[in-house]
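*Asks:* My structure is below; once you've seen it, I'll send some questions.
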Amino acid sequence: MIFWHPFDWRHGSSKIAIRMPIDFLLRRDPPSDDRHPNLDLVRLVLEQKLIVKFVVHWMLGECVFELPPLLSARKAIESDAGIVYQLFRDSRPDLMDLPLPMERKEQLIELQFLARQQGIVQTYPEAQIWIVAERGQDMASLVLAFEHQTIRLIDITLLSTARLRGLGTQMIMALQRHAEQTNASLHLAVVRGNTVAFRVYQKCGFVIDDDDGFVLQMSYRTPNTMESQVSL
């Protein structure tokens with residue numbers, strides 16, 4: 001059960017009545033330790049249509065990875081809340097196919113979205129959300145965490161119109177190039193039943209590190225990182 005606390009969020013001269021889960025409210029202030037510098041307030045905003053917008057804006061060190069021509073990437077900011085939610089909604093046709101009234105479906109998607117974002121924040125408080133555009137049109141998002149010489153691809157989501165065109169593979173390969181340039185290893189997790197994603201990762205050179213029967217932990221190690229492991 002989620003316990004909500006209502007309060008007013010002021011932005012300039014505007015005042016918006018919103019609700020926030022109690023556990024988020026208790027951690028509104030940025031952490032004081034050095035591990036998570038400049039962690040902005042996680043804002044949960046309800047629009048007039050009660051569509052949940054979960055906005056996360058992390059002001060950590062810039063990460064630059066080069067994408068192929070016609071593609072561009074930027075860190076998510078408040079104005080990107082709509083596309084972040086739309087990407088998630090578009091990725092869950094299974095929920096839209098449920099034999100439920102549309103209002104109930106929307107509520108279920110909102111709760112799933114909130115749970116997913118909350119899990120990311122709690123597990124990877126240093127994570128960053130990136131929006132990827134093709135020819136200037138937002139098409140995908142990446143959730144990434146950087147620590148020492150490790151890059152974790154937490155989530156990759158594409159609009160349905162962008163799938164099966166190689167866009168996801170191009171983004172993964174861009175991350176691999178960045179890992180090679182920075183001598184970092186690249187890690188991700190994929191649900192065992194997601195055979196399409198698994199084949200893409202495998203084709204891109206990822207190998208299985210661990211298999212608990214449900215989730216596969218995979219990694220891509222550059223020649224430099226493999227050499228450093230051998231020398232230890």
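Just so it is clear: in the sequence shown, position 199 is 199 by UniProt numbering, and no numbers are missing.
Just so you know, even glycine gets a beta-carbon here, dropped at the ideal spot from N, CA and C.
Among all the DSSP beta bridges, which residues are the ones paired with residue 121?
*Replies:* Bridge partners of residue 121: none, in fact.
*Asks:* Where does residue 77 fall in DSSP's three states?
*Replies:* coil
*Asks:* Which residue marks the beginning of the alpha helix (DSSP H) containing residue 175, and which one marks its end?
*Replies:* 167 to 181
*Asks:* Using the Cα positions of residue 197 and residue 204, report the straight-line distance between them to the nearest angstrom.
*Replies:* 11 Å
*Asks:* Can you look up residue 195 in the DSSP assignment and give me helix, strand or coil?
*Replies:* Looking at residue 195 - three-state DSSP - the assignment turns out to be helix.
*Asks:* Applying the 10 Å Cβ sphere with the 16-neighbour rule, what's the burial state of residue 221?
*Replies:* buried
*Asks:* What residue from 119, 153, 78 has the CA that sits closest to residue 217's CA?
*Replies:* 153
*Asks:* Going by alpha carbons, who is nearest to residue 111 out of 92, 125, 206?
*Replies:* 92
*Asks:* Can you name the start and end residues of the alpha helix (DSSP H) that residue 94 belongs to?
*Replies:* 93 to 96
*Asks:* Buried or exposed: residue 103, going by 16 or more other Cβ atoms within 10 Å of its Cβ?
*Replies:* exposed
*Asks:* Cutting at 6 Å between CB atoms, please list the residues of its own chain near residue 142, excluding the five before and the five after it.
*Replies:* 130, 156
*Asks:* In chain order, what residues of the same chain lie with their CB nearer than 6 Å to the CB of residue 48, ignoring the 5 residues before and after it?
*Replies:* Since pLDDT at residue 48 reaches only 32, below the 50 mark, its modelled position is unreliable, and the value read off the structure follows with that caveat. Here the set comprises nothing.
*Asks:* Determine whether the beta carbon atoms of residue 87 and residue 108 lie at a separation below 8 Å.
*Replies:* no
*Asks:* What residue does the beta strand (DSSP E) around residue 160 start on, and which one ends it?
*Replies:* Note, residue 160: premise wrong, no beta strand (DSSP E); not H, not E.
*Asks:* Along the chain, where does the beta strand (DSSP E) containing residue 126 start, and where does it finish?
*Replies:* For residue 126, no beta strand (DSSP E) segment is defined, and its DSSP state is neither H nor E.
*Asks:* By Cβ distance, which residues of its chain are closer than 7 Å to residue 90, with the 5 residues on each side in sequence left out?
*Replies:* So the qualifying residues of the chain are 159, 160.
*Asks:* Go ahead and label residue 66 buried or exposed: buried means 16 or more other beta carbons lie within 10 angstroms of its beta carbon, across all protein chains shown.
*Replies:* exposed
*Asks:* Quick check: what's the CA-CA separation for residue 72 versus residue 122?
*Replies:* Cα to Cα, the separation comes out at about 28 Å.
*Asks:* Please state if the CB of residue 132 and the CB of residue 169 are separated by a distance shorter than 8 Å.
*Replies:* no
*Asks:* Roughly how many angstroms separate the alpha carbons of residue 82 and residue 182, rounded to a whole number?
*Replies:* The alpha-carbon atoms of residue 82 and residue 182 are separated by roughly 32 Å.
*Asks:* Work out the CA separation of residue 113 and residue 98 for me, nearest whole Å.
*Replies:* 16 Å
*Asks:* What are the boundary residues of the beta strand (DSSP E) that residue 147 is part of?
*Replies:* Note, residue 147: beta strand (DSSP E), 137 to 147.
*Asks:* For residue 179, which residues from the same chain have a beta carbon less than 6 Å from its beta carbon, with the 5 sequence-adjacent residues on both sides left out?
*Replies:* 151, 186, 222
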